[in-house]
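Novice:
There are 2 protein chains.
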Amino acid sequence: MRKVKLGLVGCGIAAKTLHIPALKKLSELFEVTAVTSRTRAHAQECSKLLGGVEVFESYDELLKSGEVDAVDLALPVELNLPFIKKAVESGVHVICEKPISTDTKTGKEIVKIAESSDVVVYIAENFRHIPVFWKAKELIEKGKIGDPIFMSWHIWVGMDESNPYVHTEWRKKPKHIGGYLSDGGVHHVAAMRLIFGDIVWVSAVVRDISPLLGGPDFISSILEFESGVVGSYTAGYPIKGKDRFEVVGTEGRMVIEWDRIVLNGESIYVKPEDSYKLEFKDFYYVVKGKRENVLGSPLEALKDLAVIEAAVNSNGQKVNVGDLLDLEK
Amino acid sequence: MRKVKLGLVGCGIAAKTLHIPALKKLSELFEVTAVTSRTRAHAQECSKLLGGVEVFESYDELLKSGEVDAVDLALPVELNLPFIKKAVESGVHVICEKPISTDTKTGKEIVKIAESSDVVVYIAENFRHIPVFWKAKELIEKGKIGDPIFMSWHIWVGMDESNPYVHTEWRKKPKHIGGYLSDGGVHHVAAMRLIFGDIVWVSAVVRDISPLLGGPDFISSILEFESGVVGSYTAGYPIKGKDRFEVVGTEGRMVIEWDRIVLNGESIYVKPEDSYKLEFKDFYYVVKGKRENVLGSPLEALKDLAVIEAAVNSNGQKVNVGDLLDLEK
């Protein structure tokens, strides 16, 4: 199959440290033919990293150039909706960094745009491409811990001055709901939903602990999956510590780490892979019509975001995630 | 000071395995002078364990005998209210096993009875006498983890056929709210409140996992303390596992075990003591007017129970604990 000609839109940290390295590993699938960024120096930097790709002055020019089959959007979240809309209107496929949008209201517009068009709108959620989560799902479905009853995930991100994301302007004054709580949180929800299925409701508390991080930066919640599994999800962005993801069943338990699962006390190693590479590869096959857009489905990304929005709005109240998702509203 | 003459009322597992051993260690403070039980054989067994104490046919006879200054009630929970009432009417001091009552409604009656009388009504909550919890409180108040933000307690009791409590008739068909969830849960709430203060609200889910255990036997909750600390409390009564009690602050964290605190990675050992002995000793000094009834306060025990009742009734909804506590209602 012919390579997909890709235009890189936005040359921030995600583009430089996550997307470009992944795309370089997939040179048989993608040819990056164009790059653009609000800041020309950034675009030139990305162009250089890609071996001298044409820099466009504007997104509009890039879309109209005829040089791209698809665009890779790695932008401040609030730009996802207008940029996706333009790509779709131009008949150009899109892969766009999570979260899908700043909130479910605008996220729903993206879902509608995607549903009404033949071009691919793929929301890049790399946690749906992390092998250890699929292994955990498989082991649970095989009954290795009996009936799953409870999952608890404590995540201590430990972001401080040394973290480059902390200094991003759009993260300092977040327009996306809950700031880091959605920026990081949709990843966590994606993994939980991958393993346990849809989340029905959530009750949560949020806090703003660190002045360094824009917006709230701590969340603790209780939630229930459609399957009846109970979840306890806590994430502290400025707090350092060892993450702990545990699943308890009627006949056993597992601890999920990045490269292994400790199942009833025994380690099962799972080789980590470049999840960004996997997501671009998946996008390629979706664009080529060889795969359904399951893992990059805008609706799935919307569901991830809706759980976080429900949690951020909860203040201890039970919030039904479905109320936020209703596409008729 | 003269010994307190004590009548033991109820000769079940708690009396035999917890109270009598503790009282034997306190022979300079208490003289057990009387014993009674619905089942005479049980009373005789307890009498024997105590070296041949007089067995009374009924609680009424025991109260009227003039042989006791105080009674120790170790009964099915639903008997606490009428038995405490009778003791107070007879001018006899009471130490009564937790939970204070089957629910906060009847628990409030006990609080009122206690407040309107000069005799001591002491609710025995041994978790308020466990040294490691006081040490944790002290370390937190000294700022050893910065400002406390979050506490998480996962408790896996692992009760099975081999556990004697499982076979108690009144536990098989519990009249006390939430069954094991309050029977065990008031202990946990007492410890959390000891360390972090009062709990304002709770949102929780309960489950009935094991047919062996009467009533619901799993709870997971999120809650907020008056101080603003967020709590995540989970207890699974039929589920085996290693408990984990962790406190996270802005500048550190601690893990609380039974005989040590791991503070920022360093172990601080805390000598365990017989908490039943400590509670009887405290009761003695309260009866003698040498101490305020703080640790055995019926109101404190009621607050513990109210948190569990709020949680059991929650089904994910935010329930304000204060609504259950209002003594005017």
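So the protein lines, in turn, are chains C and X.
Sequential numbering from 1 applies to the first sequence in the working numbering.
Sequential numbering from 1001 applies to the second sequence in the working numbering.
All residues carry an ideal CB built from backbone N, CA and C; glycine is no exception.
Bear in mind the structure is a predicted one, so any value in this text is a computation, not a measurement.
1. Please list the terminal residues of the continuous beta strand (DSSP E) segment that includes V1121/X.
2. Rounding to the nearest angstrom, what Cα-Cα distance links T1036/X and G1010/X in this structure?
3. Can you name, in chain order, every residue of its own chain whose Cβ lies under 7 angstroms from the Cβ of E1115/X, other than the five neighbours on each side?
4. Could you check the C-alpha separation between E141/C and G197/C for me, to the nearest Å?
5. What number of angstroms, rounded off, separates the C-alpha of N80/C from the C-alpha of I100/C?
6. Could you confirm whether any beta carbon from chain C is found closer than 8 angstroms to the beta carbon of E1224/X?
7. Could you please give the first and the last residue of the uninterrupted alpha helix (DSSP H) stretch that includes Y1233/X?
8. At a CB distance below 9 angstroms, what residues from the region 1242-1261 of chain X approach chain C? Give them in sequence order.
9. Considering only C-alpha positions, which residue in the set D259/C, L50/C, A70/C, T250/C is nearest to V229/C?
10. Using a cut-off of 8 angstroms between C-beta atoms, extract the partners of G316/C located in chain X.
11. Could you name the residues that DSSP lists as bridge partners for Y269/C?
12. What are the boundary residues of the beta strand (DSSP E) that H154/C is part of?
13. Between G184/C and chain X, is there a C-beta pair that is closer than 8 angstroms?
14. Between S1221/X and Y1237/X, is the Cβ-Cβ spacing less than 8 angstroms?
15. Skipping 5 residues on each side, what residues in its chain have a beta carbon closer than 6 angstroms to that of R1244/X?
16. Listed from N- to C-terminal order along the chain, which residues in the region 1283-1308 of chain X have their beta-carbon within a distance smaller than 9 angstroms of any beta-carbon of chain C?
17. Find out if the Cβ-Cβ distance for the pair K64/C, T33/C is shorter than 8 angstroms.
18. According to the Cβ coordinates, are V341/C and V88/C closer than 8 angstroms?
19. Do we get a CB-CB distance below 8 angstroms when we pair R1207/X with the residues of chain C?
20. What did DSSP end up calling S182/C once you bin it into helix, strand or coil?
21. Give the interface partners of H154/C over in chain X, defined as CB-CB distance under 7 angstroms, in chain order.
22. Does DSSP put Y1/C in a helix, in a strand, or in coil?
23. Return the first residue and the last residue of the alpha helix (DSSP H) that C46/C is part of.
24. Please check if any C-beta of chain X sits within less than 8 angstroms of the C-beta of G236/C.
25. Closest to E31/C by CA distance: which of E169/C, F280/C, L325/C is it?
26. Using the beta-carbon of each residue, which ones in chain X are nearer than 9 angstroms to F196/C?
27. According to DSSP, is T106/C part of a helix, a strand, or is it coil?
28. Could you check the C-alpha separation between S1182/X and V1312/X for me, to the nearest Å?
29. Is the distance from the Cβ of V132/C to the Cβ of I261/C below 8 angstroms?
30. Starting from T1036/X, follow its DSSP beta bridges and name the residues at the other end.
31. For S1232/X and chain C, any beta-carbon pair shorter than 8 angstroms?
32. Short of 8 angstroms in beta carbon distance, which residues of its chain neighbour L1324/X, apart from the five on each side in sequence? Order them along the chain.
33. Do we get a CB-CB distance below 8 angstroms when we pair I1239/X with the residues of chain C?
34. Under three-state DSSP, which class holds K1175/X?
35. Determine which residues share a DSSP beta bridge with M254/C and list them.
36. If distances are taken between C-alpha atoms only, which option among A235/C, E224/C, A43/C, F56/C comes closest to W201/C?
Specialist: For this structure:
1. Indexing the second sequence from 1 puts residue 1121/X at position 121. It spans 1121-1124 - the beta strand (DSSP E) in which V1121/X sits, taken as one unbroken run.
2. The sequence position of residue 1036/X within the second sequence is 36, counting from 1. The sequence position of residue 1010/X within the second sequence is 10, counting from 1. Using only the alpha carbons, I get a separation of about 6 angstroms.
3. Locating residue 1115/X in the second sequence gives position 115, where the first residue counts as 1. No residues qualify anywhere along the chain.
4. Walking along the first sequence from the start, residue 141/C turns up at place 141. Walking along the first sequence from the start, residue 197/C turns up at place 197. Distance between the alpha carbons of E141/C and G197/C: 12 angstroms.
5. For the purposes of this step, residue 80/C is taken as the residue at position 80 of the first sequence. For the purposes of this step, residue 100/C is taken as the residue at position 100 of the first sequence. Their Cα atoms are separated by approximately 7 angstroms.
6. By 1-based counting over the second sequence, the position of residue 1224/X is 224. It does: the Cβ of E1224/X has a partner Cβ on chain C nearer than 8 angstroms.
7. Locating residue 1233/X in the second sequence gives position 233, counting from the first residue. According to the DSSP assignment, Y1233/X belongs to no alpha helix (DSSP H) but to the beta strand (DSSP E) extending over 1230-1236.
8. Against chain C - using a Cβ distance shorter than 9 angstroms - the residues of the region 1242-1261 of chain X are R1244, E1246, V1248, G1249, T1250, R1253.
9. Residue mapping note: residue 229/C aligns to position 229 of the first sequence, counting from 1. Of the listed residues, the one whose Cα sits closest to V229/C is T250/C.
10. In the first sequence, counting from the first residue as 1, residue 316/C sits at position 316. Per Cβ cutoff of 8 angstroms: W1201, S1203, I1222, E1224, K1318.
11. Residue numbering aside, residue 269/C sits at position 269 when the first sequence is read from its first letter. Y269/C is bridged by DSSP to R260/C.
12. Along the first sequence, read from residue 1 onward, the residue named residue 154/C stands at position 154. Start and end: 148-156.
13. The sequence position of residue 184/C within the first sequence is 184, counting from 1. No, because no Cβ of chain X sits closer than 8 angstroms to the Cβ of G184/C.
14. The sequence position of residue 1221/X within the second sequence is 221, counting from 1. The sequence position of residue 1237/X within the second sequence is 237, counting from 1. The answer is no: Cβ separation not under 8 angstroms.
15. The residue you call residue 1244/X lines up with position 244 of the second sequence. Non-local C-beta neighbours of R1244/X in its own chain, meaning closer than 6 angstroms and more than five positions away in sequence, comprise H1154, ordered along the chain.
16. Residues passing the 9 angstroms Cβ filter: none.
17. Against the first sequence, residue 64/C aligns to sequence position 64. Against the first sequence, residue 33/C aligns to sequence position 33. Cβ atoms of K64/C and T33/C: not closer than 8 angstroms.
18. With chain C covering only 1 through 329, there is no way to say anything about residue 341/C.
19. One-based indexing of the second sequence puts residue 1207/X at position 207. For R1207/X, the nearest CB of chain C lies under 8 angstroms from its own CB, placing it at the interface with that chain.
20. The residue labelled residue 182/C in the question sits at position 182 within the first sequence. S182/C: helix per DSSP, three-state reduction.
21. Counting from one through the first sequence, the residue named residue 154/C turns up at place 154. Here the neighbours are S1152.
22. Within the first sequence, residue 1/C is the residue found at index 1, counting from 1. Strictly speaking, residue 1/C in this sequence is Met, with Tyr absent from that position. Here M1/C sits in coil by DSSP.
23. Walking along the first sequence from the start, residue 46/C turns up at place 46. Here the alpha helix (DSSP H) through C46/C covers 40-49.
24. As a first step, residue 236/C is located in the first sequence; it is residue number 236 there, counting from the start. Taking Cβ atoms only, chain X reaches closer than 8 angstroms to G236/C, which makes this a yes.
25. For the purposes of this step, residue 31/C is taken as residue 31 along the first sequence, with counting starting at 1. It is F280/C.
26. One-based indexing of the first sequence puts residue 196/C at position 196. By Cβ distance, chain X contributes nothing, its closest Cβ being about 14 angstroms from F196/C, past 9 angstroms.
27. Along the first sequence, read from residue 1 onward, the residue named residue 106/C stands at position 106. Secondary structure at T106/C: helix, using DSSP grouped into helix, strand and coil.
28. Along the second sequence, read from residue 1 onward, the residue named residue 1182/X stands at position 182. Along the second sequence, read from residue 1 onward, the residue named residue 1312/X stands at position 312. When rounded, the distance between both Cα atoms is 9 angstroms.
29. In the first sequence, the residue the question calls residue 132/C occupies position 132. In the first sequence, the residue the question calls residue 261/C occupies position 261. Yes, they are a contact pair.
30. In the second sequence, residue 1036/X corresponds to position 36, counting from 1. Answer by DSSP bridge pairing, in chain order: V1009/X, F1056/X.
31. Your numbering for residue 1232/X matches position 232 in the second sequence. Closer than 8 angstroms: yes.
32. Walking along the second sequence from the start, residue 1324/X turns up at place 324. Leaving aside the five residues that flank L1324/X on each side, the residues in its chain whose CB is nearer than 8 angstroms to its CB run, in chain order, T1104, A1306, E1309, A1310.
33. Counting from one through the second sequence, the residue named residue 1239/X turns up at place 239. Yes, contact with chain C.
34. Walking along the second sequence from the start, residue 1175/X turns up at place 175. Coil, per DSSP.
35. As a working mapping, residue 254/C is identified with position 254 in the first sequence. DSSP, once it has assigned bridges, lists V247/C, L263/C as partnering M254/C.
36. Numbered from its first residue, the first sequence carries residue 201/C at position 201. Nearest C-alpha to W201/C among A235/C, E224/C, A43/C, F56/C: E224/C.
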